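Using this note's numbering, the first residue of the sequence shown is number 399, and each one after it goes up by one. The beta carbon of each residue, even a glycine, is placed where N, CA and C say it ideally should be. Remember, predicted model here, so these are calculated numbers, not experimental data. The structure appears below as C-alpha cells.
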Amino acid sequence: MAGESAGRAQEPELAATADIGDLASLPEVDAGDHAVLDEAQAPVVHLSRQQAFALQLELWGGYTSKEFQGKLAQCEQRSGTIVPDRARLCLGVQQAVLPKYGFEATPEGVRKMMEEFKHHYVDKEFLTRTILINNILELGPSDVTPPREAVPVMRELPEWLARSG
C-alpha cells in the first residue's frame, strides 16, 4: 500500500462478526449527535472499491447474525416502530467495524461512511449489496440516495440482477 494516499484507510483483515452487546448499553442516538472532532480535524476517508466491499461485508456479517436479527425483532415488538432502537442497535455493529476503515465510531462516522458509499453506487454489485443490507435492516429504498451518475446503473439493476441470479 505504499503508493496510496494518506487519506485512504488501510486494508483491514476481515474480522469475525462484531459482538453487538446489550442494546441497553448502547448510547442514545439523536439526529443532533456530532463528532467530538472539529470538521477540520477529522480526516477525510476515501475507500477503494476493495475497501468499500470489505466494509460492507463486515457490516453484513454483523447485521445478519442471529443475535442482531433477534434484537432487531425485539425492537419491533417492543415499540411497533423500530427506527430509534434500530439506529442504536446498528451503531453497536458499526462501532466495531468503522474504525478499521478510518471512520469514527459515532453517528457522525456512520454519516461520513454513507457519504463515501455514494461514490460506489455506480458499481452494480456494490449498489445491490447496499439494497440487500437495507432490506435486512428493514430500511426502505428512500434511505439510499445515489449520486446523479448512479441513476442509469439503478435503472439497469433489475435486468442485471435477473442475469446474475
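Handout entry: For HIS444, the nearest candidate out of GLY507, LEU530, THR526 (CA to CA)
Key = GLY507
Problem - Segment limits, alpha helix (DSSP H) that includes GLY460 - result: 447–461
Problem - Inter-residue spacing [alpha-carbon to alpha-carbon] between GLY468 and VAL520 - result: 33 Å
Exercise for the section: May I have a chain-ordered list of the alpha helix (DSSP H) segments no shorter than 4 residues that lie completely inside the segment 462–516? Expected result: 464–477, 481–495, 505–516
Practice task
Can you check DSSP and say which residues form a bridge with HIS518?
Solution key: In the DSSP output, where bridge partners are listed per residue, HIS518 has none listed.
Handout entry: Whether LEU535 touches CYS488 by CB criterion (8 Å)
Key = yes
Problem - Status (buried if at least 16 other CB within 10 Å, exposed otherwise) for ARG502 - result: Per the sequence shown, residue 502 should be read as Glu rather than Arg. Looking at its Cβ environment, which holds 16 or more other Cβ atoms inside 10 Å, GLU502 is buried.
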